[in-house]
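First up is the structure itself, then whatever we jot down about it.
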Amino acid sequence: MTSNNTNTKTADLKSYGSGSYLASDVTVLLDIVDKDAVADVPVSQKEALIQSGQRHYSDMLTLEDAPTAMHERLYHQALEQGTNRTAADIANLAYTLQGTFEQTVNTENPLVLVSLVRAGLPIGVLLQRALADTDSHYALPSVHYGISIIRDRGLDSVALALILKLHPNSPIVFVDGWTGKGAIYQELSRSLEVFSNPSHSNFANIFHQGKGVIPLLTLADPAGVAWLAASEEDWLIPSGLLNSTVSGLISRSLYTEPQSGLHRSVFYDNLVASDHSLAFVDQIDAARRTLTNSLKYLSLYKQPRYQTADLIDTLAADYAIDNRNRIKPTIAEATRAILRRDPERILLATADHPDTILLRHLCAQRDIAISVLGDKILPYQAITLIKQRTKDS
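One rule links them: number in the working numbering = place in the sequence shown (from 1) + 1.
Written out as structure tokens, the structure reads:
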């Protein structure tokens with residue numbers, strides 16, 4: 002019976018890929034479309050369309066270029082600097098998941114890791130590998146999927162329905178890389194509201210930690226919204242410095258109406274030579290296997306603390322920003338915003354923090370103003386403010 006069930010599930014998933022990861026690492030539930038079929042919208046034009054309300058950001062894509070030599074060098078520095086910390090964080094997260102779910106999951110009904118594309122993908126792959134490590138103290142049956150979540154438009158309901166069909170008796174944990182303001186947490190919460198009635202057939206798949214508890218796991222949680230996180234610090238997560246070339250060569254997702262199928266994405270086959278996705282997880286995973294420090298059972302939070310909400314409000318008032326989407330906190334988000342958006346100014350806690358070298362380099366390249374605000378922006382080390390292209394609505 003187990004064999005037939007497994008074969009059915011494999012058959013259902015055979016049309017889906019794993020980006021540039023191994024098939025055993027993740028199944029990415031996205032409709033991969035040809036990049037030639039997607040309009041390549043320049044950043045400045047995209048910014049104007051987004052802010053004027055003419056287009057939603059998930060309807061457009063600025064196709065990625067390969068990282069520059071300097072960008073590559075700074076990524077490798079960050080990886081060297083952050084390998085052991087990332088490995089220890091993954092081990093502690095896996096240990097906590099194992100302690101939480103060992104009585105309720107098994108090979109028939111494994112823990113389902115659902116990574117939010119894209120920042121969640123490298124973290125989810127690392128967790129999947131850690132939980133599969135039978136030589137560890139935290140082995141646990143698990144499967145891993147990647148699905149899209151889009152601000153203002155929610156989680157891909159078609160992808161989630163497919164997962165629930167395949168794993169009707171499994172708990173689901175959503176995985177992201179970090180939290181900034183907590184916007185994705187709120188999007189996730191809204192998307193999962195449909196399951197919140199205890200009489201819903203999938204209530205236990207989602208709300209296994211209690212009614213209203215959103216099972217979001219992140220590597221770093223400065224915003225204080227995750228159910229489980231390795232830390233609440235804003236630090237230089239190596240995978241936060243690159244885009245597709247550390248996320249399985251998958252583009253940011255594009256919205257699709259549920260009746261038309263899965264959210265779409267582009268696979269950057271032209272960036273294969275620059276891809277670090279497998280090398281990144283291989284290096285962190287190898288470091289995890291050689292760790293000697295004792296494991297920590299991490300805190301679990303039933304409700305978000307929103308510990309930076311007042312800070313975001315203050316910054317919005319100080320810089321006359323009505324649209325909070327123009328505020329991009331955390332080193333990772335601030336860096337990605339410089340690479341993908343049209344920034345007006347970067348706010349730093351300190352002028353020469355080693356974790357913001359790439360940010361400062363990019364600012365110098367593009368002549369972007371930097372303001373050093375000290376403790377005022379902690380726990381964030383960096384925040385990018387997006388340029389106002391039109392009057393905020």
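Every residue gets a Cβ at the ideal spot worked out from N, C-alpha and C, and that includes glycine.
Quick caveat, the model's predicted, so the values are computed rather than measured.
Assumed close pair residue i, residue j - CB separation to whole angstroms, cut-off 8 Å
i	j	result
residue 214	residue 125	With 8 Å as the limit, residue 214 and residue 125 do not qualify as a contact, their Cβ atoms being about 20 Å apart.
residue 331	residue 235	5 Å
residue 89	residue 179	No, residue 89 and residue 179 are not in contact; Cβ-Cβ is about 16 Å, not under 8 Å.
residue 383	residue 340	Contact flag wrong, Cβ pair sits at about 13 Å.
residue 149	residue 129	Going by Cβ atoms, the distance from residue 149 to residue 129 rounds to 18 Å, so no, they are not a contact pair.
residue 292	residue 83	Between residue 83 and residue 292 the Cβ distance is about 14 Å, and since that is not below 8 Å, they are no contact.
residue 87	residue 313	Contact flag wrong, Cβ pair sits at about 27 Å.
residue 23	residue 42	That pair is no contact at about 32 Å.
residue 185	residue 117	7 Å
residue 92	residue 131	6 Å
CB contact flag (residue i, residue j, <8 Å)
i	j	result
residue 278	residue 254	no
residue 335	residue 347	yes
residue 265	residue 32	yes
residue 359	residue 72	yes
residue 172	residue 115	no
residue 18	residue 159	no
residue 328	residue 166	no
residue 229	residue 94	yes
residue 79	residue 242	yes
residue 147	residue 127	no
residue 168	residue 110	yes
residue 192	residue 155	yes
residue 195	residue 307	no
residue 199	residue 309	no
Residue burial classification, residue i (beta-carbon count within 10 angstroms, cutoff 16)
i	result
residue 206	buried
residue 372	exposed
residue 355	exposed
residue 352	exposed
residue 375	exposed
residue 40	exposed
residue 65	buried
residue 108	exposed
residue 333	buried
Cα-Cα separation, residue i to residue j
i	j	result
residue 34	residue 299	40 Å
residue 364	residue 288	33 Å
residue 135	residue 250	29 Å
residue 54	residue 386	18 Å
residue 377	residue 221	20 Å
residue 141	residue 296	16 Å
residue 203	residue 100	23 Å
residue 219	residue 305	13 Å
residue 113	residue 217	12 Å
residue 269	residue 283	21 Å
residue 175	residue 369	35 Å
residue 211	residue 197	10 Å
residue 157	residue 320	34 Å
residue 267	residue 343	22 Å
residue 361	residue 280	26 Å
residue 325	residue 224	14 Å
residue 246	residue 272	7 Å
residue 1	residue 96	Examination of residue 1 is not possible in this model, given that the chain is present from 2 through 394 alone.
residue 388	residue 316	14 Å
residue 276	residue 338	20 Å
residue 209	residue 153	25 Å
residue 239	residue 390	31 Å
residue 81	residue 260	45 Å
residue 67	residue 103	42 Å
residue 256	residue 311	31 Å
residue 357	residue 232	19 Å
residue 161	residue 20	19 Å
residue 252	residue 294	36 Å
residue 258	residue 30	15 Å
residue 145	residue 25	9 Å
residue 85	residue 274	26 Å
residue 366	residue 345	14 Å
residue 75	residue 16	37 Å
residue 303	residue 170	22 Å
residue 188	residue 244	21 Å
residue 318	residue 98	40 Å
heavy atom of the ligand PLP below 7 Å from residue i C-beta
i	result
residue 149	Absence of the ligand PLP is noted for the structure shown, with no ligands found whatsoever.
In chain order, each alpha helix (DSSP H) run of at least 4 residues that lies wholly inside the stretch 134–214: List check, alpha helix (DSSP H) in window: 158–167, 184–193, 204–207.
Within the stretch 260–330, ranges of the alpha helix (DSSP H) (whole runs, at least 4 residues): The stretch 260–330 contains these whole alpha helix (DSSP H) runs: 278–290, 310–319.
Alpha helix (DSSP H) segments (min. 4 residues) lying fully within the stretch 344–382: Entirely contained in the stretch 344–382, the alpha helix (DSSP H) runs reaching 4 residues are, in chain order, 358–367.
Complete runs of the beta strand (DSSP E) confined to the stretch 52–137 [at least 3 residues]: Runs found: 112–118.
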